[in-house]
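Here's the structure we're looking at; comments come further down.
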Amino acid sequence: MIPASLLKVVLPGEVYPFCLGEKHSGGGFAAASRGNTEYKKTWEAGVVFDAHIHLEQYDNLDERIKRWREAGVKQVTAVSNDLASSYRTLEIKERYPDVVRAGCGFHPEQPLPETSEWEEWKCLVKLEREHIACIGEIGLPHYELDYLPSPLEAYEEFLAECLLVARELKLPAALHAVHDKAELAFDILRREAPAVPAHFHWLKAPEDVVARITKAGYMVSVTPEVCYRERDQRLAAAVPPDRLLVETDGPWPFQGPFAGMETTPELLHDVIATLAGITGEKEADLAARTQKNAERMYGGM
Ligand SMILES: [Zn+2]
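With the UniProt record's numbering as the guide, the letters of the sequence shown map in order to residues 1 to 301.
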């Protein structure tokens, strides 16, 4: 499905050490992949949709996806960090078409792409449009901003460019925009591409900004951090039922009850249980609701 002419120019994959700061817990992606503590709980809450995961950063996907499916994971939205990662995600999508919703994008917590990479990426997403479920992960840098070679304004312009591609291809956007960057990204979205559906993944933002985001119809997701962090629990309680998604951002490693454990969509069992405790719903109902929301955003099967 990916033309050979394009495959030849793929750069070797790189994993960027983005998202340091508060999210950084010392291990990073490499350590997460080494995790050997398996998640052993029985899944009783029906099926679940992991709305944001970096699937191309896992190995042994045949074995893993088989296990995740047995654990009730119906689908995942697999986002990408750059051109090479977008190619890898599309290859994974081709191998597991029923499970994977593919996202192609440029993670904002890293240097902006070279023009040639950007041009090739635009060509790729146009060619592969029918296999792509979203433009993402895109957004604005926060954790790495002080260490990046370009100023925030350059990232604002680049986000606007990415959103124009989403608008042109009629695809939703998977956004990384946290703290004071959430409102900034929201304003760019409203200004540049108000009709593009968007998902503010692992959102951390003031209450009034969360309200603006959800009132405008955008989705918000929580990660396994909601199981042990009050800030995320408050956010989950504030998000309207039809705007909430669950995700792992795997293989990002988590702390609390998940310390030392590999991050996989199976952890969403605990996320669903925690959310059910917050909303008073049955776990199965909550899992079904977030599943439906994710299907609305990223397309179901
Ligand atoms: Zn991510």
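Ideal Cβ positions, reconstructed from N, Cα and C, are used throughout, including at glycine.
Checklist entry - Which whole-angstrom value is the C-beta distance of G103 and A287, which I expect to be below 8 angstroms? => result For the purposes of this step, residue 103 is identified with residue 103 of the sequence shown, where counting begins at 1. For the purposes of this step, residue 287 is identified with residue 287 of the sequence shown, where counting begins at 1. Actually they do not touch by this definition, with Cβ atoms about 22 angstroms apart.
Checklist entry - Which residue's Cα is closest to the Cα of L83: A71, F49, T115? => result Taking the sequence shown and counting its residues from 1, one reaches residue 83 at position 83. Among A71, F49, T115, the Cα nearest to that of L83 belongs to T115.
Checklist entry - With a cut-off of 8 angstroms, do at least 3 Cβ pairs link the segment 131-141 to the segment 149-163? => result yes
Next on the checklist: Using the Cβ count rule (16 or more neighbours within 10 Å means buried), how would you classify P265?
Outcome noted: Your numbering for residue 265 matches position 265 in the sequence shown. Result: buried.
Checklist entry - Do three or more CB pairs link the segment 52-59 to the segment 250-260 at distances below 8 angstroms? => result yes
Item to check | When R234, E283, R101, T89 are compared against D208, the one with the closest alpha-carbon | outcome: Within the sequence shown, numbered from 1, the residue matching residue 208 stands at position 208. Distance from the Cα of D208 is smallest, within the candidate group R234, E283, R101, T89, for R234.
Next on the checklist: Just verifying my parser: in three-state terms, what is the DSSP assignment at A195?
Outcome noted: Taking the first residue of the sequence shown as 1, we reach residue 195 at position 195. Looking at A195 - three-state DSSP - the assignment turns out to be coil, as it is neither helix nor strand.
Checklist entry - Under a three-way DSSP split, which group does Q75 fall into? => result Translated into the one-based positions of the sequence shown, residue 75 becomes position 75. If DSSP states are grouped into helix, strand and coil, Q75 belongs with the strands.
Next on the checklist: Applying the 10 Å Cβ sphere with the 16-neighbour rule, what's the burial state of Y139?
Outcome noted: By 1-based counting over the sequence shown, the position of residue 139 is 139. Tyr is not the amino acid found at residue 139; the sequence shown has Gly there. By the neighbour-count rule (16 or more Cβ atoms within 10 Å), G139 is buried.
Checklist entry - Start and end of the beta strand (DSSP E) containing S221? => result Here residue 221 refers to the residue found at position 221 of the sequence shown. 219-222 is the extent of the beta strand (DSSP E) around S221.
Checklist entry - If you check the beta carbons only, do H142 and L175 fall under 8 angstroms apart? => result By 1-based counting over the sequence shown, the position of residue 142 is 142. By 1-based counting over the sequence shown, the position of residue 175 is 175. Not a contact, by the Cβ cut-off of 8 angstroms.
Checklist entry - Rounded C-beta distance between P197 and P172? I'm assuming under 8 angstroms. => result Numbered from 1 along the sequence shown, position 197 holds the residue referred to as residue 197. Numbered from 1 along the sequence shown, position 172 holds the residue referred to as residue 172. Rounded, the Cβ-Cβ distance is 4 angstroms, consistent with contact.
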